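Number of protein chains: 2
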Amino acid sequence: MVQNKSVTFLKYPQEYPVPGEHFAVETNELHVELKEGDVLLRNLYISLDPYMRGKMRNAKSYTAGFQIGKTMDASGVSEVIESKNATFPVGTVVTGFVGWEQYSVISGAQGLRPIANPRNPKIPLSSYVGVLGMPGLTAYSSLKIIGQPKSGETIFISAASGAVGQIVGQISKRLGLRVVGSAGSDEKVDFLLKELKFDAAFNYKKGSILENLRAAAPEGVDIYFENVGGETLEAALEMMNTHGRIIACGMISVYNTTTPYGVRNLFHIIGKRITIRGFIVSDFAQECGTDFAKDVGSWLANGDIIYKEDIADGIDNAPDAFVGMLQGKNFGKQVVKIADL
Amino acid sequence: MVQNKSVTFLKYPQEYPVPGEHFAVETNELHVELKEGDVLLRNLYISLDPYMRGKMRNAKSYTAGFQIGKTMDASGVSEVIESKNATFPVGTVVTGFVGWEQYSVISGAQGLRPIANPRNPKIPLSSYVGVLGMPGLTAYSSLKIIGQPKSGETIFISAASGAVGQIVGQISKRLGLRVVGSAGSDEKVDFLLKELKFDAAFNYKKGSILENLRAAAPEGVDIYFENVGGETLEAALEMMNTHGRIIACGMISVYNTTTPYGVRNLFHIIGKRITIRGFIVSDFAQECGTDFAKDVGSWLANGDIIYKEDIADGIDNAPDAFVGMLQGKNFGKQVVKIADL
Ligand SMILES: NC(=O)c1ccc[n+]([C@@H]2O[C@H](COP(=O)([O-])OP(=O)(O)OC[C@H]3O[C@@H](n4cnc5c(N)ncnc54)[C@H](OP(=O)(O)O)[C@@H]3O)[C@@H](O)[C@H]2O)c1
Ligand SMILES: NC(=O)c1ccc[n+]([C@@H]2O[C@H](COP(=O)([O-])OP(=O)(O)OC[C@H]3O[C@@H](n4cnc5c(N)ncnc54)[C@H](OP(=O)(O)O)[C@@H]3O)[C@@H](O)[C@H]2O)c1
């Protein structure tokens with residue numbers, strides 16, 4: 001009998017989720033009885049993303065929450081190993097929503113998309129949940145639609161070395177912007193400056209965020225790519241220029257706390273005529289999906305952009321990797337490698 | 001010799017300005033020597049507006065600040081009583097920027113506009129600094145451009161009985177919105193419900209703002225017309241619907257304090273895909289000025305909208321009226337009547 005290790009959601013956390021308490025790895029025997037249209041997948045990679053913390057809440061959110069006692073889901077890259085679906089024969093490599101587990105049955109193959117050339121040496125499979133997947137589209141679409149970037153402007157990106165931030169920064173450089181980033185360690189800051197060629201970057205854990213930002217963006221900020229919220233947002237508001245845009249992508253600093261930081265200088269929105277706009281990546285998929293795949297796909301293949309990933313090894317490590325990512329222990333896009341192709 | 005009473009700016013306040021300390025009435029003799037193009041005005045009304053508090057700061061703002069030792073300025077309605085400008089002969093009634101004073105010399109008649117029919121019994125002169133002036137244009141333009149109102153939606157308006165709020169509410173009713181307002185006294189709430197026909201209204205000083213808003217807008221808020229900031233903004237964010245718009249017009253609750261309220265639930269901007277946009281009325285004057293004058297002018301003349309004003313009597317009372325307006329003692333648009341036509 002084949003065993004299937006999976007991660008089960010156990011309990012709603014109030015602050016950081018704790019492996020073993022709020023979610024845990026379980027092993028069950030794999031019973032598979034495919035119906036017409038179904039496929040059985042062997043999962044290769046799953047993506048761990050901050051939005052999953054929002055699915056650990058017992059409240060209505062923009063995505064359906066995780067179910068207590070059920071396997072958590074994630075976007076993944078997988079191989080079809082049994083099939084009753086002619087579109088997805090055995091051996092097809094696909095992306096789509098799967099479980100945090102080794103094997104998933106996808107009823108009707110719902111939401112799966114085949115990967116055309118899964119052994120392309122220039123495009124690692126993990127890219128399909130990162131730079132070529134949801135985080136990449138998030139960066140590409142929102143920068144364009146909400147940011148309305150113009151050459152010569154200054155963009156400030158928080159969580160800049162992360163899954164979304166590193167793409168925002170590199171696209172911004174291509175567009176001729178002055179690019180400033182913040183991140184949570186000196187090593188990440190070095191990466192921003194040396195590898196991604198940011199114009200300035202700082203470690204937000206050292207010294208005043210506002211003073212660091214003022215030094216990094218003395219002419220002010222035209223676009224703030226907001227990933228973290230709280231004190232960093234307050235500093236950005238202080239430094240925004242007239243008619244600045246804030247791309248409200250995420251506020252990870254408040255996801256794991258019951259006492260969120262209160263932002264006190266929102267009045268700048270008026271005098272500086274700032275626009276803040278929130279979005280969920282799926283809002284822009286239709287409008288930007290095709291251009292995104294073409295542009296970012298070719299930049300990546302040509303080596304025009306790079307993408308740093310942090311790959312946890314094996315499903316057993318998924319819960320720790322998830323909590324680590326929420327705490328900034330990841331360096332680059334957090335994925336879990338479950339198996340080789 | 002003619003005396004000219006005027007209000008002089010003395011000192012930057014940290015919290016509420018204090019008459020006599022931060023600004024005071026002075027009396028000087030009027031010396032007038034008009035140059036070619038100049039006019040001498042006898043001021044009839046001046047407008048007292050919250051933005052003036054922002055001009056009492058020693059910091060760069062979107063408007064030039066008041067100068068220590070100089071007469072404060074305001075938009076007003078005045079009669080030309082001496083003229084070296086053929087466009088503005090003696091007897092012309094004008095609107096434009098004047099001093100907080102009885103008589104003003106306007107060099108080159110700069111910024112003055114004649115009022116066509118100043119004795120129109122349907123249009124009191126004070127309207128030109130209120131419903132037909134800056135506050136009216138503020139309401140009309142931002143509701144249209146930022147609010148993008150659609151019939152059937154719910155709008156929530158704070159400081160709803162004030163200069164801007166009462167117009168926003170009445171235009172919103174005309175557009176078929178469900179209109180909810182908050183104000184600082186039961187008397188103001190009665191006015192909103194009974195005279196302006198708001199669908200719901202509450203006194204934000206009684207009980208929880210959030211619970212009051214939830215009861216008043218059980219289906220949530222599509223447009224929030226933001227005049228006050230702080231706790232009211234926090235409640236509005238809690239109640240916003242998906243794709244809601246926040247028209248960031250003002251945040252008066254933070255103008256007179258050194259310890260502004262920190263807003264803790266900005267993360268709703270993302271999940272609910274909220275757009276918050278700040279503006280200054282002059283941004284929209286070009287685009288909306290003509291339609292505004294036509295629409296609001298005819299609505300007012302036809303009695304389709306009403307406009308409540310709070311008229312302080314005489315320049316001596318201007319400083320107290322200004323502080324009172326910042327504290328919510330005004331009931332309707334605060335103006336100062338300096339003289340009869
Ligand atoms: N709107 C959407 O559709 C959408 C889609 C994707 C992602 N997002 C959002 O985008 C943001 C970035 O996501 P990602 O996938 O690119 O993740 P990521 O940046 O790869 O990982 C999360 C990072 O957040 C930083 N962080 C954690 N706690 C923080 C705190 N208290 N203050 C400041 N930074 C903190 C950490 O980096 P440091 O070491 O630098 O602190 C951590 O590495 C998140 O807010 C996420 O929710 C939104
Ligand atoms: N962006 C622009 O171009 C523009 C143009 C005009 C006006 N504005 C802004 O629009 C807002 C309304 O201005 P307005 O001219 O119509 O003034 P208003 O509403 O006629 O007068 C100000 C009102 O603010 C309310 N208020 C004072 N302190 C408050 C507090 N701590 N919390 C809640 N409400 C408080 C009071 O009403 P209550 O009794 O109800 O508390 C007071 O009557 C202001 O924020 C102003 O700065 C902006």
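As you go down the protein sequences, you meet chains A and B in turn. Going letter by letter, the first sequence gives residues 1 to 341 in UniProt numbering. Going letter by letter, the second sequence gives residues 1 to 341 in UniProt numbering. Just so it is clear, CB atoms sit at the ideal spot from N, CA and C, and this is done for glycine as well. Treat the numbers as computed from the prediction; the structure is a model and nothing was measured.
Neighbour-count burial assignment, residue i, 16 or more Cβ in a 10 Å radius
i              : result
Thr95(A)       : buried
Ser161(A)      : buried
residue 343(A) : In the structure as shown, chain A starts at 1 and stops at 341, and residue 343(A) therefore has no counterpart that could be examined.
Glu234(B)      : buried
Gln110(A)      : exposed
Leu341(B)      : exposed
Gly69(B)       : exposed
Assigned secondary structure, residue i (DSSP; H/G/I helix, E/B strand, else coil)
i              : result
Gly133(A)      : coil
residue 342(B) : Residue numbering for chain B in the displayed model covers 1 to 341; residue 342(B) lies beyond these limits and cannot be assessed.
Ile209(A)      : helix
Gln334(A)      : strand
Pro87(A)       : It is Thr, not Pro, that sits at residue 87(A) in the sequence shown. In this structure, Thr87(A) counts as coil in the three-state DSSP scheme.
residue 342(A) : The structure shown does not extend to residue 342(A), since chain A is modelled only from 1 to 341, so the question has no answer here.
residue 344(B) : Lying outside 1 to 341, the shown extent of chain B, residue 344(B) is not represented and no answer is given.
Val164(B)      : coil
Ile146(A)      : helix
Asn58(A)       : coil
Gly169(A)      : helix
Gly324(B)      : helix
Pro319(A)      : helix
Phe198(B)      : coil
Tyr140(A)      : helix
Ser75(B)       : strand
Glu26(A)       : strand
Lys5(A)        : strand
Glu187(A)      : helix
Gly111(A)      : coil
Leu40(A)       : strand
Ser126(B)      : helix
Ala312(A)      : strand
CB contact flag (residue i, residue j, <8 Å)
i         : j         : result
Leu213(A) : Ala183(A) : no
Gln3(B)   : Glu29(B)  : yes
Val105(A) : Gly91(A)  : no
Ser107(B) : Asp38(B)  : yes
Glu101(B) : Val32(B)  : no
Val263(A) : Gly262(B) : yes
Tyr103(B) : Leu40(B)  : yes
Tyr204(B) : Thr242(B) : no
Thr257(A) : Glu26(A)  : no
Ile252(A) : Pro50(A)  : yes
His22(A)  : Lys5(A)   : no
Val77(A)  : Val129(A) : yes
Ile223(B) : Gly271(B) : no
Ser126(A) : Glu309(A) : yes
Gln170(A) : Ile311(A) : no
Arg57(B)  : Leu326(B) : no
Ser142(B) : Phe284(B) : yes
Leu132(B) : Gly303(B) : no
Ile209(B) : Phe225(B) : no
Asn227(B) : Gly250(B) : yes
Phe267(A) : Val93(B)  : no
Val336(A) : Ile315(A) : yes
Ala217(A) : Ala201(A) : no
Review point. Which runs of the alpha helix (DSSP H) fall wholly inside the stretch 222 to 301 of chain A and span at least 4 residues, in chain order?
Key: 230 to 239, 268 to 271, 282 to 301
Point to revise | Meets three-Cβ-pair contact criterion under 8 Å: the stretch 281 to 301 of chain B and the stretch 312 to 331 of chain A | key: no
Check your understanding: Is the stretch 134 to 148 of chain A touching the stretch 109 to 120 of chain A in the sense that three or more CB pairs, one from each, lie closer than 8 Å?
Key -> no
Point to revise | the stretch 38 to 48 of chain A touching the stretch 140 to 159 of chain A, judged by at least three CB pairs closer than 8 Å | key: no
**Study point:** the stretch 274 to 287 of chain B / the stretch 166 to 179 of chain B touching (three or more Cβ pairs under 8 Å)
**Key:** no
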